[in-house]
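**Student:** Residue numbers (the numbering used here), protein chains in the order written: chain U, 9 to 289; chain R, 911 to 1169; chain E, 23 to 372.
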Ligand SMILES: Nc1ncnc2c1ncn2[C@@H]1O[C@H](COP(=O)(O)OP(=O)(O)OP(=O)(O)O)[C@@H](O)[C@H]1O
Ligand SMILES: [Mg+2]
């Protein structure tokens, strides 16, 4: 029985190899070669495209991408944690309704929502009309990094709140009662009990925000006006316009590797936290 | 006092979340074509919606890809999960790690990698490639939703069915599949949402012959979005909102399925 | 009880290179209540699963009413199982769970209705038809599992520790109910447990297993009173097991005592093990009237009786169960009747 059922997975294994493994190896392959991509025979080994990545111009792009992603993740965390905490502490009755209201915007096409921000933020946009009407100085952030950050925070905030909320709402109320029973005031209960217990949620929230933020090319394209190109924009350009697959592949590989490293670091933090928690108990 | 602070904070956050959506909805009723200019109330854009071929076609591709990819990935994913669940520890973890790649990889990398594959083997980009790409990134979510249900299920349930006279295939259809149905449903919902919402992977794998809504909106966004799109989004958004409210009302389990 | 219904011949099962069931031979009669008893991991479940058809034997045959059962898949065997953790179908209500097997057999609707109702009455769950099985208590789930199997009117019912998850009181109640059911419907039960008391109170026949090997087959009285070796004696109830020497027929010796017994046929001075049950040792206040003299070391009240540990002059500890206690430190005598001494061939030392 077990053995017969096992066979059911084989077609998918073949599928995975063709559509997940092979494409990634192709990217890896193109990143280490040069020549005409349409004539595979002519390709030869080369690290040229990686050398290109190391040029200051592109290093800056990578640096900018990580910096913007980092800042937007930090803002999401600062804004999102209280939201998760507040929702987790509301009445059971309203809790899932609140959470649903929080998630509903995701259901509108994110390009459209981003586009709506364009109408709000543009130099002649609604916000500026409003500010001018009441005699306040204009808000000149679009196109620019500030607008990009706003777009990122707007789009990814739910991904920060959701995992933190999930963890917080699962904390046993008795644990909190135990803490106050043992003399912990609200601040102590929060810093010594709630916060450590919620770290797994924070970690997955950070991952879920940072990942799409660092690789986005839509938000920067629409709200940034191309002022600060990000790594996603570069990859798009290399594959669709410059037709330099080798360079585009190297950028993709670099992006993947850096994300893998960040995730390894995050899971380390998660693990350490759990171990410390274990010791404290 | 503290309660007031909380309320104000949540109010600001919700304003931030809903502002662009409200703007979109309001402008779907705006007579003036230029955004930022209120030219009076109209339903013209909703009427136009049904005449506009471009939008109709994009909606058609979006829905067709979503329905097909959801159907296929739910079936394949469930079958694969059944197989994976019966594998040894080692092969299971290898397969699951590969399965996780599309989930963990940035969409753009998945997109360009698939595009590279298609072009390298000289398959023309279009509807089929987009569909394949959607299946590729949907199956992993189905598997991730179904596998835990299989693990939770009593190991002997299939044997119990056969003990009572069920053939293996009857046991699969009438007992195992219904037992893991919640996982299958949430996997399918996930696949459907991801497909409808996807832009990046479609963008790289659809070529020029199959334009879905996301791609259409992206191409319009730089030049200016037709108000008809606002009307369409308002409609879709309303449908989703109503569905969610119903599910939320109907059962506490609704939360579990949707989140 | 009449014809043989199940026969196991040289049954062997290996997982990898571990032999879990080792060359088992067993004959089970119609309407018999047979219990497989043994410590955890001794191969009880595996034996049961081979009979049910969920595990293929590596060697040996299983016969059902004289016909070879090995090649027949589980779903075609006229045998039903109550699983160790019930394995109820959680997406169906109580009624549908019980009706499952009947629906497969394409039995008419009203007939199904009638039989399920009858079953619900038998397991005392009338009115529970529509209930979700998740909402039932452990004992109720257990009874649904039994009803689900019994409704198919199998000739043999396999039960794998069906009461293992229940608390003591409920377990006792269910033991009685199960016995009643078995007697009233008249089918063969093959019952697995590692609770020796349960095995002794319920069964017609007890099969004691260890490490995949059958140690002894017999009635509860046989097993309790005449354990065949140290393992059985030790596993079935508390006992004093003593290494001794058979001086001659009817005379056994250990330490500085020689006792009369009822066993014979051993070689002269053959080393043996003897078993004396704690309740078979009598205490006399005058030490000189006892065959063995000793000092009471401890007394614990066990509900019905007192459990005393008495150390003899030679330093051996005896466990004694009596309804009256003797104070700690008192010097007493102990007596054993010849027929309360069970002499066994010396096995491997445990
Ligand atoms: N599928 C399997 N693969 C490998 N080993 C197994 C398998 N099933 C059982 N075993 C091993 O076989 C031995 C006997 O198992 P079995 O389940 O028959 O024991 P048991 O007597 O029912 O024990 P318990 O009272 O704990 O249920 C155990 O050591 C167990 O680990
Ligand atoms: Mg067992």
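Glycine included, every Cβ here is placed at the ideal spot set by N, Cα and C.
Note that the structure is a prediction, hence the values are computed from the model and not measured.
Ligand 1 and residue 37/E: does the residue's C-beta get closer than 8 Å to at least one heavy atom of that ligand?
**Tutor:** In the third chain, the residue the question calls residue 37/E occupies position 15. Because some heavy atom of ligand 1 lies under 8 Å away, the Cβ of residue 37/E counts as near it: yes.
**Student:** Report the rounded CA-to-CA distance for residue 340/E versus residue 302/E, giving the unit in angstroms.
**Tutor:** Walking along the third chain from the start, residue 340/E turns up at place 318. Walking along the third chain from the start, residue 302/E turns up at place 280. Roughly 11 Å between the two C-alpha positions.
**Student:** Return the residue from the list 305/E, 314/E, 114/E that minimises the CA-CA distance to residue 337/E.
**Tutor:** The residue labelled residue 337/E in the question sits at position 315 within the third chain. Comparing Cα positions, the closest option is 314/E.
**Student:** Would a check of beta-carbon distances place residue 344/U closer than 9 Å to chain R?
**Tutor:** Look at the range of chain U in this structure, 9 to 289, and you will see that residue 344/U is not part of it.
**Student:** List the residues that DSSP assigns as beta-bridge partners of residue 344/E.
**Tutor:** Residue mapping note: residue 344/E aligns to position 322 of the third chain, counting from 1. BP columns for residue 344/E point to 328/E.
**Student:** Pull out every residue of the region 1062-1086 of chain R whose Cβ sits closer than 9 Å to any Cβ of chain C, in chain order.
**Tutor:** Of the chains in the structure shown, none is chain C; the protein chains are U, R and E.
**Student:** My understanding is that residue 179/E touches residue 102/E, with C-beta atoms under 8 Å, so please give their C-beta distance in whole angstroms.
**Tutor:** Residue 179/E sits at position 157 when you count from the first residue of the third chain. Residue 102/E sits at position 80 when you count from the first residue of the third chain. The pair is a contact, with the Cβ atoms about 6 Å apart (cut-off 8 Å).
**Student:** Going straight from the alpha carbon of residue 1169/R to that of residue 244/U, what length do you get?
**Tutor:** Position 259 of the second chain, counted from the first residue, corresponds to residue 1169/R. Position 236 of the first chain, counted from the first residue, corresponds to residue 244/U. Because residue 1169/R carries a pLDDT of 40, less than 50, the predicted location of this residue cannot be relied on, and no value is offered for it.
**Student:** Between which two residues does the beta strand (DSSP E) holding residue 37/E run?
**Tutor:** In the third chain, residue 37/E corresponds to position 15, counting from 1. First-last of the beta strand (DSSP E) with residue 37/E: 26-37.
**Student:** Restricting to Cα atoms, I'd like to know which of 998/R, 1064/R, 982/R is closest to residue 1053/R.
**Tutor:** Position 143 of the second chain, counted from the first residue, corresponds to residue 1053/R. Answer by Cα proximity: 982/R.
**Student:** So which residues of chain R does residue 277/U contact, with C-beta pairs closer than 8 Å?
**Tutor:** Working through the first chain from its first residue, we reach residue 277/U at position 269. Those do not exist, as residue 277/U stays about 17 Å from chain R at its closest Cβ, beyond 8 Å.
**Student:** With ligand 1 as the reference, list in chain order each residue whose Cβ lies under 5 Å from any of its heavy atoms.
**Tutor:** Residues with a Cβ closer than 5 Å to any heavy atom of ligand 1, in chain order: 37/E, 42/E, 62/E, 63/E, 64/E, 65/E, 66/E, 67/E, 68/E, 216/E.
**Student:** Let's see if you can read the secondary structure: which residues bound the alpha helix (DSSP H) around residue 160/E?
**Tutor:** Looking up residue 160/E in the third chain gives position 138. Note, residue 160/E: alpha helix (DSSP H), 160-172.
**Student:** Measure the beta-carbon distance from residue 195/E to residue 214/E and round it to whole angstroms, keeping in mind my assumption that it falls under 8 Å.
**Tutor:** For the purposes of this step, residue 195/E is identified with residue 173 of the third chain, where counting begins at 1. For the purposes of this step, residue 214/E is identified with residue 192 of the third chain, where counting begins at 1. Between residue 214/E and residue 195/E the Cβ distance is about 20 Å, and since that is not below 8 Å, they are no contact.
**Student:** Specify whether the region 57-74 of chain E and the region 215-234 of chain E touch according to this definition: at least 3 beta carbon pairs, one from each stretch, less than 8 Å apart.
**Tutor:** At 8 Å Cβ cutoff, the stretches touch.
**Student:** So is the beta-carbon of residue 104/E under 8 Å away from any non-hydrogen atom of ligand 2?
**Tutor:** Against the third chain, residue 104/E aligns to sequence position 82. No, Cβ of residue 104/E sits at least 8 Å from all heavy atoms of ligand 2.
**Student:** With 9 Å set as the bound, which would you pick, yes or no: does the beta-carbon of residue 990/R sit closer than that to a beta-carbon of chain U?
**Tutor:** Stepping through the second chain from its first residue, residue 990/R is reached at position 80. Yes, because at least one Cβ of chain U sits closer than 9 Å to the Cβ of residue 990/R.
**Student:** Rounded to whole angstroms, what is the Cα-Cα separation between residue 160/E and residue 188/E?
**Tutor:** Indexing the third chain from 1 puts residue 160/E at position 138. Indexing the third chain from 1 puts residue 188/E at position 166. Cα to Cα, residue 160/E sits roughly 7 Å from residue 188/E.
**Student:** Give the range of the alpha helix (DSSP H) segment to which residue 921/R is assigned.
**Tutor:** Numbered from its first residue, the second chain carries residue 921/R at position 11. Here the alpha helix (DSSP H) through residue 921/R covers 912-937.
**Student:** Answer with buried or exposed for residue 139/U, where buried requires no fewer than 16 other C-beta atoms within 10 angstroms of its C-beta.
**Tutor:** Taking the first chain and counting its residues from 1, the one referred to as residue 139/U is at position 131. The residue is exposed, with fewer than 16 neighbouring Cβ atoms inside 10 Å.
**Student:** Using the Cα positions of residue 168/E and residue 185/E, report the straight-line distance between them to the nearest angstrom.
**Tutor:** Stepping through the third chain from its first residue, residue 168/E is reached at position 146. Stepping through the third chain from its first residue, residue 185/E is reached at position 163. When rounded, the distance between both Cα atoms is 11 Å.
**Student:** Within 8 Å: the Cβ of residue 56/E and any heavy atom of ligand 2?
**Tutor:** Counting from one through the third chain, the residue named residue 56/E turns up at place 34. No, Cβ of residue 56/E sits at least 8 Å from all heavy atoms of ligand 2.
**Student:** How long is the line joining the alpha carbons of residue 86/U and residue 204/U, rounded to whole angstroms?
**Tutor:** The residue you call residue 86/U lines up with position 78 of the first chain. The residue you call residue 204/U lines up with position 196 of the first chain. Roughly 16 Å between the two C-alpha positions.
**Student:** Compare the beta carbon distance of residue 969/R and residue 1111/R with 9 Å and say whether it is the shorter of the two.
**Tutor:** Residue 969/R sits at position 59 when you count from the first residue of the second chain. Residue 1111/R sits at position 201 when you count from the first residue of the second chain. In this structure, residue 1111/R does not lie closer than 9 Å to residue 969/R by Cβ.
**Student:** Are the beta-carbon atoms of residue 82/E and residue 30/E separated by less than 9 Å?
**Tutor:** The residue you call residue 82/E lines up with position 60 of the third chain. The residue you call residue 30/E lines up with position 8 of the third chain. Yes, Cβ-Cβ distance for residue 82/E and residue 30/E is below 9 Å.
**Student:** Indicate, with yes or no, if ligand 2 has a heavy atom lying under 8 Å from the CB of residue 214/E.
**Tutor:** Translated into the one-based positions of the third chain, residue 214/E becomes position 192. At least one heavy atom of ligand 2 is nearer than 8 Å to the Cβ of residue 214/E, so yes.
**Student:** With a threshold of 9 Å between beta-carbons, can residue 28/E be considered close to chain R, or not?
**Tutor:** In the third chain, residue 28/E corresponds to position 6, counting from 1. For residue 28/E, the answer is no, since every Cβ of chain R falls outside 9 Å of its Cβ.
**Student:** Do residue 239/E and residue 296/E count as a contact pair if the criterion is CB distance below 9 Å?
**Tutor:** The residue you call residue 296/E lines up with position 274 of the third chain. The residue you call residue 239/E lines up with position 217 of the third chain. No, Cβ-Cβ distance for residue 296/E and residue 239/E is not below 9 Å.
**Student:** Starting from the Cα of residue 93/E, find the closest Cα among 105/E, 104/E, 106/E, 78/E and give me that residue.
**Tutor:** Against the third chain, residue 93/E aligns to sequence position 71. That would be 78/E, whose Cα lies nearest to the Cα of residue 93/E.
**Student:** Just checking, does the region 1106-1124 of chain R make contact with the region 1024-1039 of chain R on the three C-beta pairs under 8 Å criterion?
**Tutor:** The region 1106-1124 of chain R, when compared against the region 1024-1039 of chain R, does touch it at the 8 Å Cβ threshold.
**Student:** Anyone know if the C-beta pair for residue 16/U and residue 993/R falls short of 9 Å?
**Tutor:** As a position in the first chain, residue 16/U is number 8, starting the count at 1. As a position in the second chain, residue 993/R is number 83, starting the count at 1. The answer is yes: Cβ separation under 9 Å.
**Student:** Please state the DSSP three-state secondary structure of residue 272/E.
**Tutor:** Sequence index remark: in the third chain, residue 272/E carries index 250 (1-based). Residue 272/E: coil per DSSP, three-state reduction.
**Student:** Do you know how far the Cα of residue 30/U is from the Cα of residue 160/U?
**Tutor:** Residue mapping note: residue 160/U aligns to position 152 of the first chain, counting from 1. Residue mapping note: residue 30/U aligns to position 22 of the first chain, counting from 1. Cα to Cα, the separation comes out at about 31 Å.
**Student:** From residue 307/E to residue 353/E, what distance separates their C-alpha atoms?
**Tutor:** Taking the third chain and counting its residues from 1, the one referred to as residue 307/E is at position 285. Taking the third chain and counting its residues from 1, the one referred to as residue 353/E is at position 331. Those two C-alpha atoms are separated by around 8 Å.
**Student:** Could you tell me if the beta carbon of residue 182/E falls within a distance shorter than 8 Å of some heavy atom in ligand 2?
**Tutor:** Start at 1 with the first residue of the third chain, and residue 182/E comes out as number 160. Under cutoff, so the answer is yes.
**Student:** Between the region 200-217 of chain U and the region 166-183 of chain U, do three or more beta carbon pairs fall short of 8 Å?
**Tutor:** Yes, since at least three Cβ pairs between the region 200-217 of chain U and the region 166-183 of chain U fall closer than 8 Å, the two stretches touch.
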